[in-house]
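Novice:
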Amino acid sequence: MSGKPQYDESAVLNAAIGVFWGHGYANASISELTEATGLSRSSLYQRFGDKDGLFNECLRLYTDRVLRRMNSIQSDSAKVRVEALLREFLPGSAGTDQRKGCLLSRSLTEQADLTAAGKMTMSEGIRQQRQIVLNILLEGQQTGEISRDVDAELLAWYYFGILQSVVNLPSAGASRQTLSQLIDISMSAWPKDEVIPSDSDGTT
């Protein structure tokens, strides 16, 4: 057992995520982190190096969870999948605590306080989230559901922006109903020139 941590690392990271989520990176003190995680200062520094090391591991864990949740939404239709992905993160959905918003988005507002490593971890997490949306759209173009003339990159930014609104606006007072209607409006911007399969008699 020598050299192995004598604590539940998953529980430690979950507790630390709660601190960073609630206070932000800059305002999260070592004292608050040790109190929440149950680690001594020496154990925290030995395992994570410093606050930045702990923060980066928390961001990576948070990102992995969000990506798994996003990837769990499946459908043969790109449009159905994008809309279902957006609704997955509505307030009140299982596993969603939107009183806090998105940890990556919060970190984005604290860029001036982050180290280079922290900025890189945050930026990569955001890039990976948007990439999932982009991949759905590109698959839609490959199947003919979305015209290849559509700017998939631009559309991915648009729906990623809607996703960020769904996740973060509850902390500003937006209700589930309001955000659901926002999704309805956003889906009306879906490209209209998608391929419509023909009926067996040759009509459309």
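Here the sequence shown stands for residues 2 to 205, numbered as in this note's numbering. Heads up, the beta-carbon is just placed ideally off N, CA and C, and yes, glycines get one too. Nothing here was measured: the structure is a model prediction, and the numbers come from that model.
1. Can you tell me the Cα-Cα spacing of Tyr63 and Leu55, whole angstroms?
2. When the distance is taken between beta carbons, is Ala79 closer than 8 Å to Ile137?
3. Which residue marks the beginning of the alpha helix (DSSP H) containing Tyr26, and which one marks its end?
4. Do you know offhand how far Glu36's Cα is from Phe49's?
5. How many Å lie between Gly162 and Glu84 at the Cα?
6. Just reading off the alpha helix (DSSP H) that Thr110 is part of, what are its end residues?
7. Any chance you could list the alpha helix (DSSP H) runs of at least 4 consecutive residues sitting entirely within the segment 43-117, in chain order?
8. What is the C-beta distance between Cys59 and Ile18, in whole angstroms, given that I count them as a contact (C-beta under 8 Å)?
Specialist: With the structure as the only source:
1. 12 Å
2. yes
3. Glu10 to Asn28
4. 16 Å
5. 13 Å
6. Neither: Thr110 is in no alpha helix (DSSP H) and is coded neither H nor E.
7. 52-72, 79-89 and 104-109
8. 5 Å
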